[in-house]
Every structure is written in C-alpha cells, then in structure tokens.
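Okay, structure first, notes after.
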Amino acid sequence: MSTPHNQANKGDIAETVIMSGDPLRAKFMAEKYLSNPQQFNTLRNMFGYTGTYQGKKVSVMGHGMGMPSIGIYSYELYHFYDVKQIIRVGTAGCIQDDIKIGDVVLAEGACTDSNYLNQFQLPGTYAPIASFDLLQKAALKSEELGIRYHVGNVLSSDVFYDEAENWKKWRKLGVLAIEMESAALYANAVRAGKKALSLLTISDNIVTKEETSGEVRQTAFTHMMDVAFSLV
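Going by the numbering used here, the letters in the sequence shown line up with residues 31 to 262, in that order.
If you want it as structure tokens, here you go:
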C-alpha cells in the first residue's frame with residue numbers, strides 16, 4: 031500500500047519513526063545511526079529509511095516544514111502504516127534568557143497560532159501535549175548523557191518572519207521556544223491513540239538574533255538524536 035506522499039508498502043516502516051523537517055537530516059541519521067538502512071521513500075524528495083539500531087527495527091523520515099506537512103505525514107504513518115510512536119527531532123528559536131544555542135528543549139506541550147486544530151471542532155482551546163512516558167525517558171537520558179536541557183511549552187507557529195513580534199507575548203507566558211510542527215504532531219498522535227514527542231535543539235535566539243548556519247542545523251545537532259534513538 032502506498033499513499034500520494036509515501037511509496038512504502040505496509041511492513042516497510044517500523045513501529046517507531048524518528049522524523050525531522052529536513053529530509054537530508056533524515057538521511058544523515060540513517061547513515062549515522064542505522065545498521066543496513068533501506069530507503070522506503072523518495073516521493074517529493076521526502077526521504078525515508080528503515081534499519082536497525084542496537085538490534086531494534088526503527089525508521090527515520092523527513093516531514094517537511096509546517097503543520098500541514100507534518101500533519102499529512104504523521105497521519106499517514108499512524109493510520110496507514112501502523113506506526114506506534116513518532117519522535118520529532120528539530121530546531122527551534124528560544125525566547126527565554128536562560129536557554130542557550132545548542133540546548134535541547136523537550137516539548138512538554140505545544141501552544142499554537144495555527145488553525146490546524148480547528149478540524150476537531152472542539153468547543154474551546156485544546157492543549158496538545160507529549161506522551162509522558164517518552165518525555166520522562168528523554169529527560170532521564172538527557173541527565174545520563176549530561177545534556178543541557180529544558181522541559182516546557184513551545185509555540186508551534188505558522189509564521190517564521192514575525193513582523194509583529196508576537197513572540198514577546200508568548201515569552202511573558204513562559205513559552206520556551208518557537209518551532210512549526212509539534213502541535214499538529216501531538217494532536218494527530220492522541221487522536222490516533224498513539225505516542226509522540228518533540229526534541230528540539232536551539233538553533234537561534236530570537237531575542238538576541240544569534241543564529242547558526244543551515245549546515246550546522248542539518249548535521250551538528252546530534253545530542254537530540256542520541257536521546258531520540260534511546261527511546262526506540
């Protein structure tokens with residue numbers, strides 16, 4: 031079985047998928063972490079691979095930028111390919127003073143300015159959250175590895191270039207960082223009865239304007255990947 035976005039057959043994809051926005055980061059993870067990786071998807075250049083990590087079957091795949099994109103890929107993985115848990119490894123911009131470039135944020139919850147959640151027609155505001163067991167294990171592994179990490183709320187935004195500087199309002203309410211996908215992933219996971227967690231490396235500081243290069247974002251942020259693979 032294939033979909034308009036994934037040419038894999040059922041069984042080609044593991045029950046655990048580690049996803050990244052950049053398909054080249056997925057390729058990097060396949061080469062760095064997986065034994066005998068086999069590519070299952072090249073459609074739309076959204077690369078996906080399945081191999082083994084410490085004897086366990088695991089897949090890695092890109093999910094693209096923004097909630098519509100991860101919404102499609104995660105929905106199909108959960109509903110059409112029997113995936114049980116998705117772990118997103120990505121980058122984020124911090125908006126709090128005590129968070130530094132290279133720190134890892136474990137996204138406990140994901141606020142959003144997107145309309146993505148409107149599809150569920152809820153009579154209020156839904157608060158998408160991570161799977162607690164994955165969050166707890168990720169925190170313990172980060173402690174074990176000596177990784178500087180933070181746990182809390184992130185903002186999943188549809189806006190990258192925020193001319194109105196709305197991030198200042200989210201900062202006042204304790205949001206740690208801004209990214210573009212976790213709210214959709216978390217909502218899709220709970221709706222499907224599955225698990226999800228986002229591990230985010232801080233690539234830039236929205237307050238100070240400090241930032242890293244695209245090449246560094248693609249290959250150098252391996253601490254979050256080490257934690258992600260420990261959850262397989």
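Just so it is clear, CB atoms sit at the ideal spot from N, CA and C, and this is done for glycine as well.
This one's a predicted model, so the numbers in the text were calculated from it and none came from an experiment.
Relative to the Cα of residue 56, the nearest Cα in the group 182, 119 and 96 belongs to 119. Within the model, the alpha-carbon separation for residue 166 versus residue 202 is close to 26 Å.
In this structure the region 119–129 does not touch the region 64–84; the number of beta carbon pairs closer than 8 Å is below three. Between residue 184 and residue 161, the C-beta gap is not smaller than 8 Å, which leaves the two residues out of contact.
Per the Cβ contact rule, the region 56–72 is not in contact with the region 105–117 (fewer than 3 Cβ pairs under 8 Å). The region 220–227 makes no contact with the region 193–207; the number of CB pairs closer than 8 Å stays below 3. Taken in chain order, the whole beta strand (DSSP E) runs of length 3 or more contained in the region 196–260 are 207–209 and 225–235. Under the criterion of beta carbons closer than 8 Å, residue 77 and residue 53 qualify as touching, at roughly 4 Å. Judged by beta-carbon spacing, residue 136 lies within the 8 Å limit of residue 181, meaning their Cβ atoms are closer than that value. Straight across, the Cα-Cα distance linking residue 238 with residue 194 is about 17 Å.
In terms of Cβ geometry, residue 134 and residue 231 form a close pair [threshold 8 Å]. DSSP places residue 146 in the helix class (H, G or I) of the three-state scheme. Judged by DSSP in its simplified three-state form, residue 67 adopts strand. The C-beta distance from residue 39 to residue 73 rounds to 13 Å, too long to meet the 8 Å contact threshold. In this structure, the CA atom of residue 262 is about 13 Å from the CA atom of residue 80. Its chain contains 70 and 80 as the residues whose beta carbon lies nearer than 7 Å to that of residue 42, once the 5 sequence neighbours on both sides are disregarded; these appear in chain order. Looking from the CA of residue 172, the closest CA among 235, 155, 258 and 31 belongs to 258.
Measuring C-alpha to C-alpha distances from residue 220 to each of 139, 60, 143 and 132 identifies 139 as the nearest. Of the candidates 222, 260 and 93, 260 places its Cα closest to the Cα of residue 163. With fewer than 16 other Cβ atoms inside 10 Å of its own Cβ, residue 154 counts as exposed.
DSSP places residue 171 in the uninterrupted alpha helix (DSSP H) bounded by 162–175. In this structure, the beta-carbon distance from residue 143 to residue 189 falls below 8 Å.
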